[in-house]
Amino acid sequence: MCSNKIEKIKREIATELQIRALEIQSRNNVDSNLSPEVQENVENQIQVQPNIIKRNEDIDKIFKACLEYYINIDPVKRNFIPRQRSSKRLAEIVDYINKIILPENLDSTISFKSFQTVLYCAAWTAAKANGAKIENKPKDNMSKI
Numbered sequence: 001m002c003s004n005k006i007e008k009i010k011r012e013i014a015t016e017l018q019i020r021a022l023e024i025q026s027r028n029n030v031d032s033n034l035s036p037e038v039q040e041n042v043e044n045q046i047q048v049q050p051n052i053i054k055r056n057e058d059i060d061k062i063f064k065a066c067l068e069y070y071i072n073i074d075p076v077k078r079n080f081i082p083r084q085r086s087s088k089r090l091a092e093i094v095d096y097i098n099k100i101i102l103p104e105n106l107d108s109t110i111s112f113k114s115f116q117t118v119l120y121c122a123a124w125t126a127a128k129a130n131g132a133k134i135e136n137k138p139k140d141n142m143s144k145i
């Protein structure tokens, strides 16, 4: 009696697997039977249009001036960059810096000091473009007591 139940279950599973295999095969046939125009249209709909970012000359000028100023200054003598509150404007500035400025100024052969300078200038530029009242000048190492 047990072997009869096992055989019955085996047949049911085999039947179910055949049905599923036919369903999968029919789906694959539908995809391969699409005309080239339809396939191309489907592919175009799937692809996401990349966001084209226009050059922001103000941010470019701030970054360039900052980089020229800090390129030869000891990192220890650089000013503190004030923390910025999250905002849509700051997010747009950071996005621009990440997508345009950093790829133009970083590569695999850059030295650590240059890498650190570029990142510092990117952060300084984001703060300045966001309205922070900061200036390009080395900090005083002499603290007032």
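Per this note's numbering, the very first residue in the sequence shown carries number 1; after that it's consecutive. All residues carry an ideal CB built from backbone N, CA and C; glycine is no exception.
Cα-Cα separation, residue i to residue j
i, j, result
"asparagine 130", "threonine 109", "31 Å"
"isoleucine 46", "glutamate 23", "Unreliable placement is indicated for isoleucine 46, whose pLDDT of 48 sits below 50; the coordinate value is still reported in the next sentence. Near 24 Å, if we compare the C-alpha coordinates of glutamate 23 and isoleucine 46."
"arginine 55", "glutamine 116", "24 Å"
"cysteine 2", "glutamate 16", "21 Å"
"valine 82", "alanine 132", "The sequence given here places proline at residue 82; valine does not occur at that position. Computed Cα separation, rounded: 7 Å."
"lysine 113", "alanine 122", "14 Å"
"glutamine 18", "glutamate 7", "17 Å"
"glutamate 57", "arginine 20", "59 Å"
"tyrosine 70", "isoleucine 62", "12 Å"
"glutamate 135", "lysine 99", "25 Å"
"isoleucine 73", "proline 103", "23 Å"
"glutamine 84", "lysine 137", "20 Å"
"lysine 10", "glutamine 25", "22 Å"
"glutamate 12", "lysine 5", "11 Å"
"glutamate 92", "alanine 14", "58 Å"
"serine 111", "serine 86", "31 Å"
"valine 76", "aspartate 107", "24 Å"
Reference residue i, options the options, closest by Cα
i, options, result
"alanine 65", "Lys5, Tyr120, Val76", "Tyr120"
"lysine 146", "Ala126, Arg55, Asn72, Asp60", "Nothing about residue 146 can be read from this structure; the chain reaches only from 1 to 145."
"arginine 78", "Val94, Leu67, Asn98", "Leu67"
"isoleucine 97", "Asp60, Val76, Glu135", "Asp60"
"isoleucine 101", "Pro75, Trp124, Ile73", "Trp124"
"phenylalanine 80", "Lys128, Ala91, Glu92, Ser111", "Lys128"
Anticipated Cβ contact below 8 Å, residue i with residue j, distance rounded
i, j, result
"valine 118", "asparagine 105", "5 Å"
Checklist line | Any alpha helix (DSSP H) of 4 or more consecutive residues that is wholly inside the region 70 to 109 | finding: 88 to 96, 102 to 105
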